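Q: In the working numbering, each residue carries its 1-based index in the sequence shown increased by 380.
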Amino acid sequence: MQNTRSSFTGKIGFVLAAAGSAVGLGNIWRFPYLANNYGGGLFLLVYIILSLTFGFTLMVAEIAIGRKTGLSPLEAFKKLDKRFTFVGYLATIIPMLILPYYSVIGGWVMKYAYGFVSGQDKLMAQEDYFASYIGSVGEPIGWFLLFIGLTAVIVMLGVQKGIEKVSKFMMPVLVVLIIFIAAYSIATMDGAVAGVKYYLLPNFKGLTATKLMMTAVAAMGQLFYSMSLAMGIMITFGSYMKKDVNIEKSTHQIEFFDTGIAFLAGLMIVPAVFVFNGGDPEKMNKGAGLMFDTLPKVFDTMPGGRWIGIVFFVMVFFAALTSSISLMETIVAVMQDKMKVGRKTACAIVLGISLVLGLPSALGSSLWAEIKIIGMDFLGFFDFISNSVLMPITAFATCILVAFIIKPKSVIDEVQLNGRFKQKKMFSFVIRYIAPVFIIAILVSSVLEAFKIIEF
Ligand code: TRP
Numbered sequence: 381m382q383n384t385r386s387s388f389t390g391k392i393g394f395v396l397a398a399a400g401s402a403v404g405l406g407n408i409w410r411f412p413y414l415a416n417n418y419g420g421g422l423f424l425l426v427y428i429i430l431s432l433t434f435g436f437t438l439m440v441a442e443i444a445i446g447r448k449t450g451l452s453p454l455e456a457f458k459k460l461d462k463r464f465t466f467v468g469y470l471a472t473i474i475p476m477l478i479l480p481y482y483s484v485i486g487g488w489v490m491k492y493a494y495g496f497v498s499g500q501d502k503l504m505a506q507e508d509y510f511a512s513y514i515g516s517v518g519e520p521i522g523w524f525l526l527f528i529g530l531t532a533v534i535v536m537l538g539v540q541k542g543i544e545k546v547s548k549f550m551m552p553v554l555v556v557l558i559i560f561i562a563a564y565s566i567a568t569m570d571g572a573v574a575g576v577k578y579y580l581l582p583n584f585k586g587l588t589a590t591k592l593m594m595t596a597v598a599a600m601g602q603l604f605y606s607m608s609l610a611m612g613i614m615i616t617f618g619s620y621m622k623k624d625v626n627i628e629k630s631t632h633q634i635e636f637f638d639t640g641i642a643f644l645a646g647l648m649i650v651p652a653v654f655v656f657n658g659g660d661p662e663k664m665n666k667g668a669g670l671m672f673d674t675l676p677k678v679f680d681t682m683p684g685g686r687w688i689g690i691v692f693f694v695m696v697f698f699a700a701l702t703s704s705i706s707l708m709e710t711i712v713a714v715m716q717d718k719m720k721v722g723r724k725t726a727c728a729i730v731l732g733i734s735l736v737l738g739l740p741s742a743l744g745s746s747l748w749a750e751i752k753i754i755g756m757d758f759l760g761f762f763d764f765i766s767n768s769v770l771m772p773i774t775a776f777a778t779c780i781l782v783a784f785i786i787k788p789k790s791v792i793d794e795v796q797l798n799g800r801f802k803q804k805k806m807f808s809f810v811i812r813y814i815a816p817v818f819i820i821a822i823l824v825s826s827v828l829e830a831f832k833i834i835e836f
C-alpha cells in the first residue's frame, strides 16, 4: 500500500487540501451558534487559547503519525501499538456518525440557496420562518436526501476533483463575502456595537466554575469538529504528505485559516442576533438554527440582499459539499480496504447507513420532536455523541499513545525532518500533562451534564 500512496503536489497543496476539509459548516454554522450560546467573548477567548495549545498539539501529532507511518488511521494505530487498534476503529466510526446529520444541515443550506434563487427572501426573513420550516415533514427530508444523494453520486463516480477545484476558487470569495456582510451589518445596524462587544469581550460577571467548564467542553468539541481532529482525518492527510513539507508551519497555516473563517462567521452572525434580540443576552436566540434565522433578516436590510443571499448560500453549499464528500470518502476508503468490496458497493452501504441515521435527525423537529435521547433531539444527540464523547476518547488515546508509548520524541523527530520544531517544548508538555488530564475532565463533565447530573 505504502508505495502506491500518492502525494500532494507542492507545499501549499497540502495546506489547501487540509484547510479545504477543515473549512465547512463547522466554521460557518456551528461556531457562531456556540459562541452565541456560551456567552460570546468568553467562548471566543477559550476557543482561541485551546486552539493554540491543544488544537496545535493534536494536529501536529496526527499529521506526524500519518507521515511517519504512511498508513491509514486504522493501520497506523495498530502498527504503533496493538493495544491501540480500537482507536483506529473508533476514529473510523466518527465520520459515519457525523455524515448523516451533516447532510441534514447541508439540506437546510440547499433549501435556503433555493429559497433565495426563487425569490422567497422576504418570506425567509420573517420571524419563526426557520422553526416552521424544520417543523414540517416533507421538505427537510427531501433536501436531506438530495444532499446526501449528491454526495454519494460524486463519491461513487470519483469526480470529487472537479468539485474541489470549484470550491477552491470559491473559498476566497466566500471569505471576502463574509467580511463584507459582517462589515455591512455592523456599520448599518443600530446597536451593533454592543453586539460586537458581546462577541469580542469576555464577560466574567457571574462566571462559575461549572459554567467555565461547560464552555470549555463546547469549545473543545468545536475545535475537534472544526479542524477535523480526533477522527483520523489528519492522519490520512499526513500519510499523503511529502517529507519536505514543514509540519509545524503547515499546522499553523491550517489553524489560521480555520479559526479565521470561524471568527469572521461569528462576527457576521453574533452581533446581528444581538441586535435582533434588543441586546438582551437572556433572550438571545439559542440553538442550531441561528445562522438560518439570522442571515435572511440581515440580507433583507441590504440593498440587493437577495443576490447576496444567493451567492452566500451557494458558496456555503459548496463548502458543505466538499466536507461531506471528504467525510464519505474516508469511510468508503476504509470499507474498500477492510471489507474488500468495490467502490460502488461501499458507497451504497455508506449511503444506506446515512439514510438510516440521517432520517431521525431530519425528523427531529417535526414528526419525532417528542422523542428525546438524554434530553436531546436526534440531531443534537448525534452531534453530542461524536463531538463530546467519541472524539475526546480518540483524542485522549492519541495523546496517551504519543506521550507514553511512542514518546513525543518520535513526533518531534518527524517534524524536525524540516528544520527546528520551534514549539517542541510546549508540544511535549501539553501532550504529556495538560491534554490527557484536560480531555478526561471535559469528557466526564460533558457526560455528567448530558445526564443532568450537573446543571449548566
Ligand atoms: N471540519 C469540517 C467542518 O468544519 C467538518 C468535518 C469534521 C470534516 N470531520 C471531517 C470534514 C472530516 C471533512 C472530513 O465543517
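For glycine and all other residues, C-beta sits at the position ideal for the given N, C-alpha and C. In this text the structure is predicted, and so the values were computed from the model without any measurement.
#1: Looking at the secondary structure, which residues open and close the alpha helix (DSSP H) in which I474 lies?
#2: Can you tell me which of the three DSSP states I773 falls into?
#3: For I753, list the residues DSSP reports as bridge partners.
#4: Would you mind working out which of T616, I785, V691 and Y564 sits nearest F496, comparing C-alpha positions?
#5: Give me the residue from R812, M771 and Q796 with the minimum Cα distance to V824.
#6: What I want to know is whether the C-beta of I536 ends up closer than 7 Å to one or more non-hydrogen atoms of the ligand TRP.
#7: Between G345 and the ligand TRP, is the CB less than 7 Å from at least one heavy atom?
#8: Please report the distance separating the alpha-carbon of T590 from that of L580.
#9: Which residues bound the alpha helix (DSSP H) around T681?
#10: Check whether the Cβ atoms of L477 and I765 sit closer than 8 Å, and answer yes or no.
#11: CB of A402 to nearest heavy atom of the ligand TRP: below 7 Å?
#12: Is it a yes or a no for the stretch 457-475 touching the stretch 776-790, going by three-plus beta-carbon pairs under 8 Å?
#13: Span of the alpha helix (DSSP H) holding K652?
#14: Are the CB atoms of F809 and E635 nearer to each other than 8 Å?
#15: How would you label R463, buried or exposed, when you count the other beta carbons within 10 angstroms and need 16 or more for buried?
#16: Looking at the secondary structure, which residues open and close the alpha helix (DSSP H) in which M551 lies?
#17: From the DSSP output, in three-state form, read off E794 for me.
#18: Could you check what DSSP says for W687 in three-state terms: helix, strand or coil?
#19: For P582, does the three-state DSSP call read helix, strand or coil?
#20: Indicate whether S483 and S746 have their beta-carbon atoms separated by less than 8 Å.
#21: Which of helix, strand or coil does DSSP assign to V517?
#22: Based on Cα-Cα distance, which residue from Q506, M611 and L525 lies nearest to G468?
#23: For F672, collect the residues of the same chain with a Cβ closer than 7 Å to its Cβ; drop the 5 residues on either side in sequence, then sort them by chain order.
#24: Rounded to whole angstroms, what is the Cα-Cα separation between M490 and F697?
#25: Would you mind reading off the limits of the alpha helix (DSSP H) that contains G738?
#26: Alpha carbon to alpha carbon, what distance is there between L828 and G529?
#27: How big is the Cα-Cα spacing for V730 and V817?
#28: Measure the Cβ-Cβ separation of I711 and P475 and say whether it is below 8 Å.
#29: Quick check: the Cα distance between A402 and I613, rounded to an integer number of angstroms?
A: So, to answer that:
#1: By one-based count along the sequence shown, residue 474 stands at place 94. Note, I474: alpha helix (DSSP H), T465 to V497.
#2: Residue mapping note: residue 773 aligns to position 393 of the sequence shown, counting from 1. Reduced to three states, the DSSP call for I773 is helix.
#3: To locate residue 753, count along the sequence shown from 1; it is residue 373. Bridge partners of I753: M756.
#4: Taking the first residue of the sequence shown as position 1, residue 496 is located at position 116. Checked all of T616, I785, V691 and Y564; the closest Cα to F496 is V691.
#5: Residue mapping note: residue 824 aligns to position 444 of the sequence shown, counting from 1. Checked all of R812, M771 and Q796; the closest Cα to V824 is M771.
#6: Counted from its first residue, the sequence shown places residue 536 at position 156. Residue identity check: residue 536 is Met in the sequence provided, not Ile. Answer for M536: no, Cβ out of range of the ligand TRP.
#7: Since the displayed the chain opens at 381 and closes at 836, residue 345 lies outside it and no answer follows.
#8: What you label residue 590 is simply residue 210 of the sequence shown in a count that begins at 1. What you label residue 580 is simply residue 200 of the sequence shown in a count that begins at 1. Their backbone Cα atoms lie some 22 Å apart in a straight line.
#9: Indexing the sequence shown from 1 puts residue 681 at position 301. Where T681 is concerned, there is no enclosing alpha helix (DSSP H), because DSSP gives it neither an H nor an E.
#10: Mapped onto the sequence shown, residue 477 falls at position 97. Mapped onto the sequence shown, residue 765 falls at position 385. Cβ atoms of L477 and I765: closer than 8 Å.
#11: If you number the sequence shown from 1, residue 402 lands on position 22. It does: the Cβ of A402 is within 7 Å (strictly closer) of some heavy atom of the ligand TRP.
#12: yes
#13: The residue given as residue 652 occupies position 272 in the sequence shown. Reading the sequence as shown, one finds Ala at residue 652 and not Lys. First-last of the alpha helix (DSSP H) with A652: I627 to F656.
#14: Walking along the sequence shown from the start, residue 809 turns up at place 429. Walking along the sequence shown from the start, residue 635 turns up at place 255. No, the pair does not count as a contact, with Cβ atoms beyond the cut-off.
#15: Counting from one through the sequence shown, the residue named residue 463 turns up at place 83. That one is exposed.
#16: One-based indexing of the sequence shown puts residue 551 at position 171. Counting along the chain, the alpha helix (DSSP H) containing M551 begins and ends at Q540 to T568.
#17: As a working note, residue 794 is residue 414 in the sequence shown. Of the three classes helix, strand and coil, the one that applies to E794 here is helix, per DSSP.
#18: Position 307 of the sequence shown, counted from the start, is the residue given in the question as residue 687. Of the three classes helix, strand and coil, the one that applies to W687 here is helix, per DSSP.
#19: Residue mapping note: residue 582 aligns to position 202 of the sequence shown, counting from 1. Of the three classes helix, strand and coil, the one that applies to P582 here is coil, per DSSP.
#20: Locating residue 483 in the sequence shown gives position 103, counting from the first residue. Locating residue 746 in the sequence shown gives position 366, counting from the first residue. No, Cβ-Cβ distance for S483 and S746 is not below 8 Å.
#21: Locating residue 517 in the sequence shown gives position 137, where the first residue counts as 1. Of the three classes helix, strand and coil, the one that applies to V517 here is coil, per DSSP.
#22: Here the question's residue 468 lines up with position 88 in the sequence shown. Ranking Q506, M611 and L525 by Cα distance to G468 puts M611 first.
#23: In the sequence shown, residue 672 corresponds to position 292, counting from 1. Once the five neighbours on either side are set aside, the close Cβ partners of F672 are W488, Y492 and F510.
#24: Here residue 490 corresponds to residue number 110 of the sequence shown, with the count starting at 1. Here residue 697 corresponds to residue number 317 of the sequence shown, with the count starting at 1. Going by the C-alpha atoms only, they are around 6 Å apart.
#25: Position 358 of the sequence shown holds residue 738. Taken as a continuous stretch (DSSP letters only), the alpha helix (DSSP H) holding G738 covers R723 to L743.
#26: As a position in the sequence shown, residue 529 is number 149, starting the count at 1. As a position in the sequence shown, residue 828 is number 448, starting the count at 1. In a straight line, the C-alpha of G529 is about 37 Å away from that of L828.
#27: Residue numbering aside, residue 730 sits at position 350 when the sequence shown is read from its first letter. Residue numbering aside, residue 817 sits at position 437 when the sequence shown is read from its first letter. The straight-line gap from Cα to Cα measures roughly 35 Å.
#28: Counting from one through the sequence shown, the residue named residue 711 turns up at place 331. Counting from one through the sequence shown, the residue named residue 475 turns up at place 95. In contact: I711 and P475 (Cβ atoms closer than 8 Å).
#29: As a first step, residue 402 must be located in the sequence shown, where it is residue number 22. As a first step, residue 613 must be located in the sequence shown, where it is residue number 233. So the two alpha carbons sit approximately 10 Å from each other.
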